[in-house]
Amino acid sequence: MSKAETTSPELMVASGDGEPVKPEKDRKFVEALSRGLDVLRAFSQGSVILGNQDIARITGLPKPTVSRMTYTLTKLGYLSYNVQLEKYQLSSGVLALGYAYVSNLKVRQLAKPYMDEFARQTNMSIGLTCRDRLHMIYVENRLPPEASLLRMDIGLKLPMATTSAGRA
1 MSKAETTSPE
11 LMVASGDGEP
21 VKPEKDRKFV
31 EALSRGLDVL
41 RAFSQGSVIL
51 GNQDIARITG
61 LPKPTVSRMT
71 YTLTKLGYLS
81 YNVQLEKYQL
91 SSGVLALGYA
101 YVSNLKVRQL
111 AKPYMDEFAR
121 QTNMSIGLTC
131 RDRLHMIYVE
141 NRLPPEASLL
151 RMDIGLKLPM
161 ATTSAGRA
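In UniProt numbering, the protein residues as written are 1 to 168.
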């Protein structure tokens, strides 16, 4: 396989809204999987419980497609359905995927002692982030001893422009 045939996330250019531009006519690109992930990405800190219409509006996907995706993701354990609200929310299956990634980040273990020392010396909260399109996601956070500072939870996703790591 030549480099020209390889499609990787690094080769996908982000559009103005931070979403990757999907390759056109790429035989290796699975559109159905992409749409399913779009449905999962529709859920955020501000959008915790969503109906199919909400998801269709957020993702731009057709409502019948969203219905099939939410049904499948629920059957697979990535979404749960609230019967009273007739809406969906992320389920623990998503957490398991994220934890598999975070727990295997060797940089977290390497950085922790340095982050702890820096937090102690500066009496400030220290965060370690990874880039996700035009956002930064916290993968580790260390606080100084006896701190009453704001803790950035692991998994918190913020726009790059609003974080010091994103502006660096």
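Using N, Cα and C, we set each Cβ at its ideal position, and we do this for glycine too.
Nearest residue (CA-CA) to residue i, options the options
{"i": "Ala-56", "options": "Val-48, Leu-73, Asp-38 and Met-160", "result": "Asp-38"}
{"i": "Leu-105", "options": "Gln-84, Thr-74 and Cys-130", "result": "Cys-130"}
{"i": "Gly-98", "options": "Gly-166, Pro-145, Lys-157 and Ser-34", "result": "Lys-157"}
{"i": "Lys-63", "options": "Gly-36, Leu-85 and Met-160", "result": "Gly-36"}
{"i": "Gly-51", "options": "Pro-159, Met-160, Leu-33 and Ser-80", "result": "Ser-80"}
{"i": "Arg-167", "options": "Asp-153, Arg-68, Ser-44 and Leu-134", "result": "Leu-134"}
{"i": "Glu-31", "options": "Met-69, Gln-53 and Ser-44", "result": "Met-69"}
{"i": "Pro-145", "options": "Asp-132, Asp-116 and Leu-128", "result": "Asp-116"}
{"i": "Ala-161", "options": "Asn-82, Gly-60, Asp-132 and Gln-53", "result": "Asp-132"}
{"i": "Ser-91", "options": "Thr-59, Ser-44 and Ile-58", "result": "Ser-44"}
{"i": "Gln-89", "options": "Gly-127, Asp-54, Ala-165 and Gly-155", "result": "Asp-54"}
{"i": "Ala-165", "options": "Ile-154, Leu-128 and Lys-112", "result": "Leu-128"}
Residue i burial status per 10 Å Cβ neighbour count (16 or more: buried)
{"i": "Ala-100", "result": "exposed"}
{"i": "residue 169", "result": "Nothing can be reported for residue 169: it is not among the residues displayed for the chain, which extend from 1 to 168."}
{"i": "Tyr-114", "result": "exposed"}
{"i": "Ala-42", "result": "buried"}
{"i": "Glu-140", "result": "buried"}
{"i": "Val-107", "result": "exposed"}
{"i": "Leu-110", "result": "exposed"}
{"i": "Leu-33", "result": "exposed"}
{"i": "residue 169", "result": "Nothing in the structure corresponds to residue 169, since the chain is present only between 1 and 168."}
{"i": "Thr-122", "result": "exposed"}
8 Å Cβ shell around residue i - same chain, five flanking residues per side excluded
{"i": "Leu-95", "result": "none"}
{"i": "Thr-72", "result": "Gly-36"}
{"i": "Leu-61", "result": "Arg-35, Asp-38, Val-39, Ile-55 and Met-69"}
{"i": "Gly-46", "result": "none"}
Inter-residue CB distance, residue i and residue j (contact presumed, cutoff 8 Å)
{"i": "Met-124", "j": "Thr-163", "result": "Contact doesn't hold; Cβ gap of about 14 Å is too wide."}
{"i": "Ile-49", "j": "Lys-87", "result": "5 Å"}
Own chain, CB closer than 7 Å to residue i, minus 5 neighbours either side, in chain order
{"i": "Leu-143", "result": "Ala-119, Ser-125, Leu-149 and Arg-151"}
{"i": "Leu-85", "result": "Ile-49"}
{"i": "Gly-93", "result": "Leu-76, Gly-77 and Tyr-78"}
Same chain, Cβ closer than 6 Å to residue i, neighbours up to 5 away in sequence not counted
{"i": "Val-102", "result": "Val-139"}
{"i": "Arg-66", "result": "Looking at the sequence itself, residue 66 is Val, so the reference to Arg does not match. So the list reads Asn-52, Ile-55 and Ala-56, once near-sequence residues are dropped."}
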